[in-house]
Amino acid sequence: MQTPAPIWLILRLGLLFIGTSLTRGTPEHDSGGHWSYLPVWSPSIPATGDSDSARTPVDRFILERLRAKNLTPTPQASARELARRMYFDLTGLPPTPVQVKGFERDFSLDPQSAVAALIDQLLASPHYGERWARHWLDVARYADSDGQEGDADRRTAHHYRDFVVRSLNTDLAFDRFVRWQLAGDELEPDNPEAIAATGFIAAGTHAELPDRLMEEERIRTRFNELDDMISTTGSAMLALTLGCARCHDHKYDPVPRRDYYRMLSAFNGGDRAELPLASRDAIRRHGEARNLWETEFQAAQNPLKDWIAKTRFIHESEVRLAKINGLDATDTEKSILRDTPGSSEATDLAKRFAKKLRVADEDLRPYLSEEERKRWDTLWNVVRQIEERRPVPLPTAFGFADFGPEPRETFLLARGDFHARSEPVELGFLTALTRGKTPEDYWAEARAASLRTDSTQQRRALAEWMTDLEHGAGALVARVIVNRVWQHHFGHGLVRTANDFGTRADPATHPDLLEWLTSEFVRTGWKLKPLHRLIMTSAVYLQGTTFDPFSAAVDPDNRLLWRRRPMRLEAEILRDSMLAVSGMLNPRMFGPAVKAPIAPEAIQARNMKDPYPKDLVDTPSTHRRSLYLFHKRVVQNPMLQAFDGPDAQASCGRRDITTVAPQALALLNDSFVRARAVDFATRVRGEAGAKPENQIHLAWQLALGREPTLPELDLGTSFLETRIRQRTARIQDHPAADSHELALADFCQAIFALNEFIYVD
Amino acid sequence: MKHQIQSHHCGRYARFNNRREFLKKAGSGCGLLALADLLKHEGLLAADSPADTPGRALNPMAVAPPHYPAKARSVIWLFMEGAPSSVDLFDPKPELTRRDGQRISIDVFNGNPGPLMKSPFTFDQHGQSGAWVCEKYPNVARHVDDFAFIKSLYSESNDHVPALYQINTGIARPGFPSAGAWVTYGLGSESRNLPGYVVLGNSSGVKGGPLNWSAGFLPTSYQGTLFRSSGAPILNLTRPEHVTLQDQRAQLDFLHQANTAHLQLHAGEPDLLARIQSFELAYRMQSEASDLTDFSTESQQTLEMYGLNQKVSRNIGTKCLMARRLIERGVRFVQVYSDGEWDAHSDLKGNHSHHCASTDMPIHGLLTDLKRRGLWDSTLVVWGGEFGRMPVSQGSGGRDHNPNGFMAWMAGAGIRGGTSFGETDEIGYKAETDRVSVHDLHATMLHLLGVDHKRLTYLHNGRSHRLTDVAGDVIRKILA
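Heads up: the sequence lines are chains P and W, in that order.
Position one of the first sequence corresponds to residue 2 (the numbering used here), numbered consecutively onward.
Position one of the second sequence corresponds to residue 71 (the numbering used here), numbered consecutively onward.
As structure tokens, then:
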């Protein structure tokens with residue numbers, strides 16, 4: 002970072018800014034603080050627009066800014082476009098031809114109620130949670146392995162992912178959703194969902210260092226991991242860069258170094274842990290049952306052990322003698338072992354043949370009487386029957402727990418250097434976002450309300466502060482999520498820097514709209530589904546994509562939203578769409594992450610604790626939605642990576658959307674893509690028959706939700722005919738009968754690569 | 071943030087992405103131009119960012135101008151993974167020999183340090199510069215007058231993976247953009263049909279994996295592309311079963327027509343056009359990338375010079391030859407990872423003898439070939455590992471990790487050959503004189519490429535980032 006500007010320059014620039022800065026209706030406030038740090042207020046809704054152009058108050062804010070620039074919105078998109086748009090936005094899956102036709106019919110009767118009904122239907126779909134969980138998992142840098150050198154698998158991390166999916170589907174209030182992720186174990190220690198939610202803190206990368214390694218290295222790692230927890234909490238919930246304050250007071254935002262280390266105290270009291278997913282009562286009962294069982298098991302084992310010991314005493318010398326005789330040794334050696342067992346030579350020999358001479362319990366058996374054997378079996382059966390009743394361990398989740406009730410000592414560090422400890426600090430939050438209540442107050446309240454004696458309640462205090470609209474960071478947290486929701490519906494947030502609401506954030510294009518939406522959001526209980534409804538029933542969301550050069554001249558970047566811009570499917574949704582269209586999507590929800598095949602040549606790391614298997618095969622069980630694919634940090638799925646899937650090293654607020662040749666190579670040559678094209682072709686042939694024209698019609702409907710145009714039909718027909726002819730001519734490649742099928746697969750694969758397939762209007 | 075890749079500088083007034091935008095927004099009043107110039111002079115207003123380069127919207131690798139005339143056009147980084155030992159290769163320490171067997175108080179990564187251990191190798195002086203080189207590097211030794219040694223490097227972590235991340239990205243944690251990503255983001259690449267940043271990896275995989283050549287928070291287009299040195303060099307270059315070039319050409323023609331019709335209904339969407347072009351590029355890449363591994367156009371003498379005729383050096387020799395072929399085709403940044411690891415926790419003599427043998431001819435071949443083909447003056451060659459090794463022994467004749475003092479050398483474009491910068495203490499434990507941080511090393515590389523490391527920035531999660539974080543000084547004394 003560069004040095005701050007000299008003060009004289011700031012003053013001169015300040016003069017320059019008068020009259021040129023964006024006009025912005027901010028509330029009356031006395032602090033002069035940055036807009037995003039202020040309490041939520043409720044801007045008045047502009048009077049612009051009639052009932053047709055302004056479906057919802059959202060539109061009035063949009064129209065006000067458009068009118069100011071003499072811009073007009075674009076007319077509504079077609080029913081087909083809207084169906085695709087809404088299905089992809091809310092479920093991340095393409096609508097089936099029947100679904101498109103149904104919506105078109107409803108829309109022709111009453112567009113507004115058709116739209117509202119479809120939104121309700123999609124919000125109620127379990128796919129909604131799967132679709133939107135992915136957005137939050139980006140922000141939470143979620144993955145299924147440790148990363149770093151070991152990159153060990155996290156076999157129970159998926160409970161956090163499932164918690165996110167379920168919370169969205171049940172529309173868990175967002176403030177609660179946030180609090181649980183910071184302190185679910187402290188807030189609701191009997192609720193497995195709340196416990197799994199702490200996976201948020203734990204989800205970052207982790208280096209497993211053995212104790213023998215130098216302490217300095219282990220401390221450095223610990224502070225890096227604490228920094229990841231604070232930085233991710235800052236980016237995900239507050240859209241603030243807290244990491245800067247590790248070394249120095251934040252240069253632009255009011256985040257002093259002291260605040261950083263005081264917040265660090267909340268996480269310094271604990272670490273990643275496997276947490277039982279059960280109420281404490283159930284855990285207690287499980288523990289009791291287990292103890293009971295152990296006692297019973299021991300009790301049953303003792304007679305068996307005693308009996309074996311006794312039997313061994315009787316028969317062991319006999320068995321040993323037989324073993325000596327059977328040794329591959331000289332007769333002299335055997336006789337030494339047999340006749341002078343105490344001699345030093347015998348001891349040496351016994352050592353040499355130790356393995357061979359060892360008398361195992363089973364070795365006794367042939368020397369026992371029938372009666373003895375029966376007795377043994379009876380005792381053994383008693384033990385085995387109890388063993389079968391061994392209590393099943395409680396399921397656990399990879400989450401976060403405190404070490405105990407006492408906080409760990411936390412120090413202010415100079416320059417982020419853990420050698421440079423200065424004074425000790427206690428729990429605290431961002432001073433700039435704390436009004437009329439102190440961290441001590443929050444902590445005292447948390448301890449007073451504490452439901453468990455084995456944690457510090459620091460994270461609970463942090464969680465309460467985080468969502469406190471009046472005294473804490475609640476207003477900012479609400480603005481940040483409202484902006485994220487907007488971003489996923491429009492491609493950009495109202496504030497384009499979704500992970501940065503600090504003083505250097507991109508200024509909001511519609512600050513009053515963001516504020517009004519936020520005030521509605523918190524007024525109606527922090528629920529996301531009503532927020533989607535409000536946004537998606539607005540005319541601005543339903544606009545067409547038509548380009549207008551005059552509007553573009555005024556607002557080339559479409560910041561004022563005079564039209565809709567096509568949006569590219571994310572990596573996961575592209576993969577899911579190929580599965581859906583080919584009829585191969587395995588709709589199973591939840592559970593352990595699935596390892597799908599990755600080309601061995603794409604596995605390029607070593608020394609991993611749990612190497613990614615190189616021999617996996619493409620089966621229906623790997624055809625789950627991409628959300629459920631195992632994200633091995635050091636071996637990211639190459640196709641998801643090529644299409645800008647995040648690497649889960651840090652919070653990702655908005656994905657890049659790059660267009661590069663390796664993406665095209667993947668669509669042309671990747672074995673998963675080709676396999677789905679073959680499936681798609683099989684489906685098309687099965688449902689449409691052998692006639693190319695019918696095949697093209699169906700393929701177009703399944704993949705693009707519409708009928709092909711005449712030129713497209715011609716193009717498709719001539720493609721298929723040529724491919725069949727040429728492939729048949731190359732008869733040596735494969736049986737002639739396959740030419741039709743392979744030609745159709747070529748065609749279906751090309752459809753996956755169409756711009757229209759990956760860009761949604 | 072795609073095609074209008076938003077790049078931001080770290081000034082107070084970051085809402086202006088560049089000077090042009092600043093002037094546009096600030097109006098055109100008298101004196102504003104002067105003020106803007108003043109700001110620029112004060113370092114408050116960065117120059118236009120690479121993202122504003124014409125053509126970047128359609129091609130993220132479009133060549134962008136450097137900040138000032140560049141000495142080097144491309145970089146070949148010979149990455150000695152596992153950490154070679156300075157005192158056993160290029161930096162002999164008489165005091166270490168004298169005190170061989172003495173115990174000192176020292177903290178080492180794996181604990182249980184042994185006594186000081188002299189080098190198992192003998193050394194000779196070479197060239198006009200009289201640089202010391204160990205007996206195991208006879209052919210590398212022929213080039214010492216071209217080298218600028220940096221013998222006082224230091225880094226943070228004692229552990230391989232964080233150290234690898236640091237030497238590659240400047241930060242000892244995962245998730246930051248690598249030097250190669252920064253360079254291609256800043257300058258683009260002249261190669262149309264090949265990636266701008268290519269990594270020729272370790273055949274058993276590199277510790278820490280692809281995060282070593284990651285684009286971090288930069289657009290993913292700038293991440294390094296891993297090439298294998300045999301077979302199809304990159305992923306998805308082999309067509310699926312039963313699909314021939316003819317079938318694929320037909321698919322591309324179909325796509326082109328259907329996508330063009332779609333484009334006509336979608337004016338104002340450059341991404342859609344870029345995507346149409348990306349398929350053609352992919353098609354060309356398939357043949358171009360396959361050409362790379364076809365060494366039939368190279369003379370027998372060349373192959374032998376790179377050590378391809380000997381088993382021990384064939385792997386690295388192939389990668390070094392590939393590196394030359396890549397930069398010849400305009401690729402900007404190439405990393406050649408050594409094979410296996412220089413990680414000599416025991417039997418340093420055996421380990422380093424092997425790794426010297428596997429790299430000696432390939433490095434000699436590469437340096438000679440670059441000169442012969444007129445690439446020497448435009449190519450920067452860097453040699454080094456992620457850290458160094460301890461002066462004390464570990465186990466039987468090994469050395470543990472040492473980030474406190476290690477070395478690298480640079481050669482080629484813009485480098486003053488026959489020089490040496492910085493020193494460790496008398497036993498080679500800690501960098502003492504003219505200490506050089508990883509940021510300094512990166513700043514120097516960028517400088518040679520014509521890039522001011524303080525001006526190559528990218529805004530991410532509210533912070534303006536640089537390859538060199540908040541530090542970095544160009545090592546002026548090794549520049550020609």
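Yeah, the Cβ is synthetic: ideal placement off N, Cα and C, and Gly gets one too.
None of these values were measured; they are calculated from a predicted model.
Fully enclosed by the stretch 249-301 of chain P, which beta strand (DSSP E) runs are 3 residues long or longer? 271-277
When burial is assigned at 16 or more other CB atoms within 10 Å of the CB, is Arg533 of chain W buried or exposed? Sequence index remark: in the second sequence, residue 533 of chain W carries index 463 (1-based). Under this definition Arg533 of chain W is a buried residue.
Please report whether the beta-carbon of Phe164 of chain P lies at a distance below 7 Å from any beta-carbon of chain W. As a position in the first sequence, residue 164 of chain P is number 163, starting the count at 1. The beta carbon of Phe164 of chain P does not come within 7 Å of any beta carbon belonging to chain W, so the residue lies off that interface.
Compute the beta-carbon to beta-carbon distance between Phe217 of chain W and Gln405 of chain W, rounded to the nearest angstrom, for a pair I have assumed lies under 8 Å. Along the second sequence, one-based indexing puts residue 217 of chain W at 147. Along the second sequence, one-based indexing puts residue 405 of chain W at 335. At roughly 19 Å, the Cβ-Cβ gap does not stay under 8 Å, so Phe217 of chain W and Gln405 of chain W are not in contact.
With a threshold of 7 Å between beta-carbons, can Ala754 of chain P be considered close to chain W, or not? Position 753 of the first sequence, counted from the first residue, corresponds to residue 754 of chain P. Output row for Ala754 of chain P: interface = yes.
When the cut-off is 7 Å and only beta carbons count, does Glu150 of chain P lie next to chain W? Taking the first sequence and counting its residues from 1, the one referred to as residue 150 of chain P is at position 149. Put simply, the CB of Glu150 of chain P is near chain W, with a gap under 7 Å to one of its CB atoms.
Mind listing the chain P neighbours of Lys277 of chain W? Cutoff is C-beta to C-beta under 9 Å, in chain order. Numbered from its first residue, the second sequence carries residue 277 of chain W at position 207. Under the 9 Å cutoff, chain P gives Glu150, Ala606, Arg607, Asn608.
Residues of chain P with a CB under 7 Å from the CB of Asn228 of chain W: which are they? Along the second sequence, read from residue 1 onward, the residue named residue 228 of chain W stands at position 158. Under the 7 Å cutoff, chain P gives Met215, Glu218.
Going by C-alpha to C-alpha distance, which of P:His136, P:Val99, P:Glu194 sits closest to Leu699 of chain P? As a first step, residue 699 of chain P must be located in the first sequence, where it is residue number 698. Out of P:His136, P:Val99, P:Glu194, P:Val99 has the C-alpha closest to the C-alpha of Leu699 of chain P.
Using the C-alpha atoms, what's the distance from Ala476 of chain P back to Pro44 of chain P? As a position in the first sequence, residue 44 of chain P is number 43, starting the count at 1. As a position in the first sequence, residue 476 of chain P is number 475, starting the count at 1. If I take the Cα positions, the gap works out to 14 Å.
Beta-carbon separation (whole angstroms), Gly151 of chain P vs Lys610 of chain P, contact threshold 8 Å: Residue 151 of chain P sits at position 150 when you count from the first residue of the first sequence. Residue 610 of chain P sits at position 609 when you count from the first residue of the first sequence. Confirmed, Cβ separation roughly 4 Å.
Pick out whichever of W:Ser156, W:Arg459, W:Ala337, W:Tyr353 has its Cα sitting closest to the Cα of Ala553 of chain P. For the purposes of this step, residue 553 of chain P is identified with residue 552 of the first sequence, where counting begins at 1. When only C-alpha atoms are compared, the closest one is W:Ala337.
Just the Cα atoms here: how many angstroms apart are Gln702 of chain P and Pro709 of chain P? On the first sequence, position 701 is the one that residue 702 of chain P refers to. On the first sequence, position 708 is the one that residue 709 of chain P refers to. Their backbone Cα atoms lie some 8 Å apart in a straight line.
Quick one: is Asp31 of chain P buried, meaning 16 or more other Cβ sit within 10 Å of its Cβ, or exposed? Start at 1 with the first residue of the first sequence, and residue 31 of chain P comes out as number 30. Legend: pLDDT at Asp31 of chain P = 40, less than 50; position of this residue unreliable, no value from coordinates given.
Please report the distance separating the alpha-carbon of Phe631 of chain P from that of Ala597 of chain P. Taking the first residue of the first sequence as 1, we reach residue 631 of chain P at position 630. Taking the first residue of the first sequence as 1, we reach residue 597 of chain P at position 596. Rounded to whole angstroms, Phe631 of chain P to Ala597 of chain P spans 7 Å at the Cα level.
For Ala47 of chain P, the residue or residues it bridges with in DSSP: As a position in the first sequence, residue 47 of chain P is number 46, starting the count at 1. This sequence places Pro at residue 47 of chain P; Ala is not what is there. Beta-bridge pairing links Pro47 of chain P to no other residue.
The stretch 420-434 of chain P / the stretch 262-272 of chain P touching (three or more Cβ pairs under 8 Å): yes
Euclidean distance between Cα positions of His230 of chain W and Gly492 of chain P: On the second sequence, residue 230 of chain W is found 160 positions in, with the first residue counted as 1. On the first sequence, residue 492 of chain P is found 491 positions in, with the first residue counted as 1. So the two alpha carbons sit approximately 40 Å from each other.
Local Cβ density within 10 Å of Gln696 of chain P, reported as buried at 16 or more and exposed below that: Taking the first sequence and counting its residues from 1, the one referred to as residue 696 of chain P is at position 695. By the neighbour-count rule (16 or more Cβ atoms within 10 Å), Gln696 of chain P is buried.
Can a CB atom of chain W be found closer than 7 Å to the CB of Ala445 of chain P? As a first step, residue 445 of chain P is located in the first sequence; it is residue number 444 there, counting from the start. For Ala445 of chain P, the answer is no, since every Cβ of chain W falls outside 7 Å of its Cβ.
Using Cβ-Cβ distances below 7 Å, what residues of the stretch 234-258 of chain W are close to chain P? Arg243, Pro244, Gly245
To the nearest angstrom, how far is it from the Cα of Ser22 of chain P to the Cα of Pro508 of chain P? Looking up residue 22 of chain P in the first sequence gives position 21. Looking up residue 508 of chain P in the first sequence gives position 507. Confidence in Ser22 of chain P is poor, its pLDDT being 29 and thus under 50, which makes the residue's placement too unreliable to answer from.
Looking at the C-beta of Val231 of chain W, does it have a partner C-beta in chain P at a distance below 7 Å? The residue given as residue 231 of chain W occupies position 161 in the second sequence. Yes, Val231 of chain W lies at the interface with chain P (some Cβ there is under 7 Å from its Cβ).
Would you call Arg524 of chain P buried or exposed, if buried means 16 or more other Cβ atoms sit within 10 Å of its Cβ? Numbered from 1 along the first sequence, position 523 holds the residue referred to as residue 524 of chain P. Per the 10 Å Cβ criterion, exposed.
Could you check the C-alpha separation between Asp470 of chain W and Ser284 of chain W for me, to the nearest Å? The sequence position of residue 470 of chain W within the second sequence is 400, counting from 1. The sequence position of residue 284 of chain W within the second sequence is 214, counting from 1. Straight-line measurement puts the Cα of Ser284 of chain W at about 28 Å from the Cα of Asp470 of chain W.
Helix, strand or coil at Tyr407 of chain W [DSSP, three-state]: Locating residue 407 of chain W in the second sequence gives position 337, counting from the first residue. If DSSP states are grouped into helix, strand and coil, Tyr407 of chain W belongs with the strands.
Between W:Val462, W:Val508, W:Arg402, which lies nearest to Ser175 of chain W when the distance is taken from Cα to Cα? Here the question's residue 175 of chain W lines up with position 105 in the second sequence. It is W:Val462 whose Cα lies nearest to the Cα of Ser175 of chain W.
Inter-residue spacing [alpha-carbon to alpha-carbon] between Ile202 of chain P and Ala237 of chain P: Here residue 202 of chain P refers to the residue found at position 201 when the first sequence is read from its first residue. Here residue 237 of chain P refers to the residue found at position 236 when the first sequence is read from its first residue. Rounded to the nearest angstrom, the two C-alpha atoms are 11 Å apart.
Can you confirm whether Leu265 of chain P, when its beta carbon is compared against all beta carbons of chain W, has any partner nearer than 7 Å? For the purposes of this step, residue 265 of chain P is identified with residue 264 of the first sequence, where counting begins at 1. No, no contact with chain W.
According to a CB-to-CB cut-off of less than 9 Å, which residues of the stretch 294-319 of chain W neighbour chain P? When CB distances to chain P are screened at a threshold of 9 Å, the residues of the stretch 294-319 of chain W falling below it are Thr295, Leu296, Arg298, Gly301, Ala302, Ile304, Leu305, Asn306, Leu307, Thr308, Arg309, Pro310, Glu311, His312, Val313, Thr314, Gln316, Asp317, Gln318, in chain order.
Helix or strand or just coil, what does DSSP make of Phe160 of chain W? Along the second sequence, read from residue 1 onward, the residue named residue 160 of chain W stands at position 90. Phe160 of chain W falls in the coil class under three-state DSSP.
Given 8 Å as the limit, is there contact between the stretch 208-227 of chain W and the stretch 473-481 of chain W, that is, 3 or more CB pairs closer than that? yes
So, at 7 Å on beta carbons, what are the nonlocal neighbours of Phe191 of chain W in its own chain, with the 5 sequence-adjacent residues on each side left out? Along the second sequence, read from residue 1 onward, the residue named residue 191 of chain W stands at position 121. These residues qualify, in order along the chain: Asp158, Cys204, Glu205, Lys206.
Would you mind working out which of W:Ala393, W:Ala352, W:Arg354 sits nearest Phe365 of chain W, comparing C-alpha positions? Residue 365 of chain W sits at position 295 when you count from the first residue of the second sequence. Nearest C-alpha to Phe365 of chain W: W:Ala393.
State yes or no: is the C-beta of Leu288 of chain W within less than 7 Å of the C-beta of Pro247 of chain W? In the second sequence, residue 288 of chain W corresponds to position 218, counting from 1. In the second sequence, residue 247 of chain W corresponds to position 177, counting from 1. For Leu288 of chain W and Pro247 of chain W, yes; Cβs fall inside 7 Å.
Between the stretch 321-341 of chain W and the stretch 542-561 of chain P, do three or more beta carbon pairs fall short of 8 Å? yes
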